[in-house]
Amino acid sequence: MLQHCRKLALAGLAALAITTAQAADTVKVGVSISATGPAASLGIPTKQVIDILPDTLGGLPAQYIVLDDATDASTAAKNGRRFVDEGVDVIIGSNTVPTSLALSAIAVETKTPQLGLSLAAPRPEHLTWVFSLPQTVDVMNSKLFADMKKRGVKRLAFIGFTGGYGDVWLHDIEPRAKRDGIELVSVQRYERTDQSVAGQVLRILAAKPDAVFIGGSGTPGVLPMRELKARGFKGLIYQNHGMANNDVLRLAGDQANGMILPTGPVLVAEGLPDDHPSKPVALAFLKLYEGKYGPGSRDNFAGYAYDAYLLLDKAVQQARQSAKPGTAEFRQALRDALENTKELAVTHGVINMSPTQHAGFDQRAAVMITVENGRWKVLD
Amino acid sequence: MDWQIAGFLAVDGFTSGAIYALLALALVLVFSVTRIILVPLGELMVYAGVTLALLGHDRVPATGALLLAMGVACFALELWEARRGTTPRRLALAAVKFLALPLALLLITRWAAPRALPLPLDMALTTLLIVPMGPMLYRIVFQPMAEASTLVLLIVSVATHFALTGLGLVMFGPEGWSAAPLWDASFDLAGVPLSGQSLAIWASSLLLMLALYLFFSRTLPGKALRAVAVNRLGARLIGVGSAQAGRLTFTLATAIVTACGMLAAPLTALTYDGGFVIALKGFIGAIIGGLVGYPLAAAGALLVGLLEAFASFWASSYKEVIVFTLVLPVLLWRSLASRGRHHDDEEEE
């Protein structure tokens, strides 16, 4: 028994020695994602991308520590602490606003750069260390409201999830509609798990809107659209990029035809004009991703995860010249390199960071699309 | 609000209310016989709905494999108990029940899924796949601890709920699934549109309730279950085993929620984690009925459905709050009404 223990201890020591030897020049990346829980549809593609990433970053060997936070902020915080104990150089994640915020607090405290994958731009108090990949609501809605103006929408109704996701959209839409002279005639909420939105849809129809914006994500966002069409709504239906995945098309069938939404360019890379800077990057990524997970498996969140890799790859190249991974100097150098990113073409657009802008996408990261005969189609 | 909108909302409320009512009945049934508040009923409902939807999309549902895995676990438990002596006949019977039948079902599912079978056949297959999971779940999780306190049973039940939710994510993925409607028709009732699916839901719910009523009042097993519900010890003395009663109860409850899942699947996209909230609303209905009376529980569940429909029209942001707050006055009224009375629970501890 004792001998057995000793053997085990020796094996443990040996393993430790290997990890320390590795740690000398390995870039350690802590990835916290929502692979289970309500945001699983966002977390799973993220994880699938991490699984197929090259094992180097900026020419150095890379090690990814991937933990699931179950779409739960306190679990995300626990993951963050574990990353710190493991001595990671950078944190990627998480997929939702609350889980990302939990990580941001730890990133700032331990001076570790974080690449967020949630919809919300970094908060001012976190700005130094936190960067964010997805297009902000502002980028998407500017494009969306331009489309509404073009189509002469005067009366808009909103129906979205109760809670955070619906709030993010509504809080941006309210002032924007006022500014653009669009009247917000009805605001309705529903739950992800609801079986019926008949009451809300009746209220919306009674308000006689020209267009309805749906602030839901994934397949639960199909329900209001289905109900609106079943009740004979003939106006425009606007969705958001949380709906841009193929499960939505599968579930909605014909009823998805004609819905209008902004998305990241990666979803419709083939339909982009040839001079779009993201086209070659996105096509290369899609070849890699769909080669592994099947045609049509593309997803915006997979794109964000890959963009985080592209961003890091570039930044590590710079940071390694001034410090060794695993040190506070390296994390600082990495942060500076991330902040100095200029005109980096990734799958979702072009990234420009600055000391005041850590969510670096501009209008080139949004493409208006619609659905025609069950397929995505670029509008502009 | 004019009467047309009110009629429309009432139709909507009665439709979801009918589904909550079935769930409430299943919850009351399981609780009264086994003292378990069966939280994972919602997951079993989703399993049934998604299995039907997947068969409709000509895909192989992973629930067939899950059934076989659960069967293997059950058989292992039987073997473990057999070390104290058993008959070959009993073992052979267990092998057929837990290994051969699930395997046959798995093979049938594999064969049937890619062929676009008519909806009734898909529904029959779904029923065969999901209903046995109920008694197997009882065999694996609850039977070994049938005599534990209500609180321990509740905790285990919540744990089972999380396990089944996780399995649901692995089997079906994160996105929702929706099935073809049972009856794709639309009627006009004095200006209020009535869908065939709503009528199918009402008719099936009524039929199921009638069947349950007949089962409990006319058949011997039904009367035996009622005996266990009234007095466990007394029932055991006259030869009604609690394990037997538990298995039968779980079979019935799972059959009810399987019907629920197949009825609800065309209404909306069922997601792997969506069953819990639906079951919770059935639970509120059951609480209104005091977790004992079937008619009261069904009425309570209908009330929840109606309240939900009207709340979603008047104040959609507060809909869930309104529905779940309903439980407060009901609990207050119930605890005031039962003040001074001796509690069964306390006797058990």
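Going down the list, the protein sequences come from chains A and B.
Heads up, the first sequence is in the working numbering, so the first residue is 862 and it goes up one at a time.
Heads up, the second sequence is in the working numbering, so the first residue is 19 and it goes up one at a time.
Where a beta carbon is used, it is the ideal one built from N, C-alpha and C, also for glycine.
Source: prediction; values computed, not measured.
Query: Contact under 8 Å by Cβ, A/Asp886 with A/Pro915; Result: no
Query: Beta-bridge partners of A/Met1229, as assigned by DSSP; Result: A/Pro1123
Query: Cβ pair B/Thr272, B/Ile126 closer than 8 Å; Result: no
Query: Reference A/Gln1116; option with closest CA among A/Pro1085, A/Ser961, A/Leu1195; Result: A/Pro1085
Query: Close beta carbons around B/Ile296, own chain, < 6 Å, minus the five adjacent residues each side; Result: Gly60
Query: Chain-ordered chain B contacts of A/Glu1052 [CB-CB under 9 Å]; Result: Val295, Lys337, Glu338
Query: Nearest residue (CA-CA) to B/Gly323, options B/Ala197, B/Phe32, B/Leu288, B/Ser330; Result: B/Phe32
Query: At least three beta-carbon pairs within less than 8 Å, the region 183 to 195 of chain B to the region 1077 to 1091 of chain A; Result: yes
Query: Residue interval of the beta strand (DSSP E) (run including A/Lys1069); Result: It is not in any beta strand (DSSP E) - A/Lys1069 carries neither H nor E in the DSSP assignment.
Query: Alpha-carbon spacing of A/Ala882 relative to B/Tyr38, whole angstroms; Result: Confidence at A/Ala882 is low in this model, with a pLDDT of 45, below 50, so its placement is unreliable and the value that follows should be read with caution. Answer to the nearest angstrom: the Cα atoms are 60 Å apart.
Query: For A/Val890: DSSP bridge partner residues; Result: A/Tyr925, A/Val951
Query: Distance between B/Leu350 and B/Gly25 (C-alpha atoms, nearest Å); Result: 31 Å
Query: Reduced DSSP category for B/Pro136 - H, G, I as helix; E, B as strand; rest coil; Result: coil
Query: Stretch pair the region 1121 to 1135 of chain A + the region 237 to 245 of chain B: three plus CB contacts closer than 8 Å; Result: no
Query: Distance cut-off 7 Å: B/Leu251 Cβ against heavy atoms of the ligand ATP; Result: As for the ligand ATP, it is missing from this structure, which has no ligand bound.
Query: Rounded distance between the beta-carbons of A/Lys889 and A/Gly941, thought under 8 Å; Result: Contact flag wrong, Cβ pair sits at about 14 Å.
Query: B/Val176 - DSSP class collapsed to helix/strand/coil; Result: helix
Query: Any C-beta of chain A under 8 Å from that of B/Pro120; Result: no
Query: B/Met154 vs B/Met63 beta-carbon contact at 8 Å; Result: no
Query: Beta carbon of B/Asp30 nearer than 8 Å to that of A/Ala1068; Result: no
Query: Per-residue burial, B/Ala66 [other beta carbons within 10 Å of its own, 16 or more giving buried]; Result: buried
Query: Reduced DSSP category for B/Phe205 - H, G, I as helix; E, B as strand; rest coil; Result: strand
Query: Test item: CB-CB of B/Ser204 and A/Gln1056 under 8 Å; Result: no
Query: Residue range of the alpha helix (DSSP H) that includes A/Val1000; Result: 998 to 1011
Query: Cβ-Cβ distance between B/Tyr317 and B/Val46 below 8 Å; Result: Residue 317 of chain B is actually Ala in this sequence, not Tyr. No, Cβ-Cβ distance for B/Ala317 and B/Val46 is not below 8 Å.
Query: Residue of A/Ser902, A/Leu903, A/Leu918 minimising C-alpha distance to A/Arg1181; Result: A/Leu918
Query: Residue burial classification, A/Asp929 (beta-carbon count within 10 angstroms, cutoff 16); Result: buried
Query: A/Ile1020 - containing beta strand (DSSP E), residue span; Result: 1016 to 1022
Query: Per DSSP, cross-strand counterpart(s) of A/Tyr1099; Result: A/Phe1074, A/Ile1121
Query: Touch test, the region 1211 to 1224 of chain A against the region 263 to 270 of chain B, Cβ-Cβ under 8 Å, three pairs minimum; Result: no
Query: Partner residues on chain B for A/Asp1108, Cβ-Cβ distance less than 7 Å; Result: Glu193
Query: For A/Val1048, three-class secondary structure by DSSP; Result: strand
Query: Start and end residues, beta strand (DSSP E) containing B/Val78; Result: First-last for B/Val78: undefined, no H or E at that position.
Query: Closer than 8 Å to chain B by CB, A/Gln1056; Result: yes
Query: CB contact below 8 Å: A/Ala882 versus chain B; Result: Confidence at A/Ala882 is low in this model, with a pLDDT of 45, below 50, so its placement is unreliable and no value can be given for it.
Query: Inter-residue Cα distance where the pair is B/Arg157 and B/Val51; Result: 15 Å
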